[in-house]
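Here is the structure we will look at, set down as structure tokens.
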Amino acid sequence: MKKTVVLSIRGTQNYIGQEPDVIELVTEGTLEELTDGWELRYHESNLTGLEGVETTFRVQGKTVTLTRTGKLNSQMVFTEGVAHDSLYQMEFGALMLTVCATKVAADITALGGVIDLRYNIEIEQTSAGEIDYHLDIKAKENA
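Structure representation (structure tokens):
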């Protein structure tokens, strides 16, 4: 059963040679319990620069999969200490990304929870920096 939730998302991008870029967003989404974990979905906005994209976090045990569809298509799999290659398809072309999670933590119930991700990212086999995501999930009252 899907529940409407309120998400507080904080993303920090620490790209090599640049000042850290912090994005904070509060939005509505859905949380659904699966037989093997949880699925969280929301639509990006122009605040994130990804308007027209649906983002899905799927939590299964100690693995979190981040999928984006729409104007941008990608799938990144996060398991601590395991590198994952993915194609990041944008309207004007595609890039090969490699992510390696240094932290994957998720604590979710039907009432909400948190997802914490920290990972190193390579773009076209060149180290680009580190990204942190923190998502607070709260079930919306009367939903």
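No gaps in the numbering here: position 82 of the sequence shown is 1142 in our numbering, and each next residue is one more.
Glycine included, C-beta positions come from ideal geometry on N, C-alpha and C.
For residue i, the first and last residue of its enclosing beta strand (DSSP E)
i                  : result
isoleucine 1181    : 1172-1183
phenylalanine 1138 : 1134-1139
valine 1142        : From DSSP, valine 1142 is part of no beta strand (DSSP E); its letter is neither H nor E.
lysine 1198        : 1186-1199
glycine 1130       : 1123-1130
phenylalanine 1117 : 1113-1120
leucine 1100       : 1097-1103
Residue i burial status per 10 Å Cβ neighbour count (16 or more: buried)
i                  : result
threonine 1158     : buried
phenylalanine 1138 : buried
glycine 1005       : Beyond the ends of the chain as shown, which are 1061 and 1203, falls residue 1005; an answer cannot be given.
threonine 1115     : buried
glycine 1153       : exposed
alanine 1161       : buried
alanine 1166       : buried
valine 1142        : exposed
valine 1086        : exposed
glycine 1173       : buried
Where residue i falls: helix, strand or coil (DSSP)
i               : result
glutamate 1092  : strand
isoleucine 1168 : strand
methionine 1061 : coil
glycine 1071    : strand
threonine 1108  : coil
glutamine 1149  : strand
isoleucine 1076 : coil
Integer Cβ distance of residue i from residue j, believed to fall under 8 Å
i              : j               : result
threonine 1129 : arginine 1118   : About 13 Å separates the two Cβ atoms, so there is no contact after all.
leucine 1091   : isoleucine 1197 : 6 Å
leucine 1110   : leucine 1132    : 6 Å
glutamine 1120 : aspartate 1096  : 5 Å
(message) Check whether the segment 1100-1113 and the segment 1073-1080 are in contact - that is, three or more C-beta pairs closer than 8 Å.
(response) no
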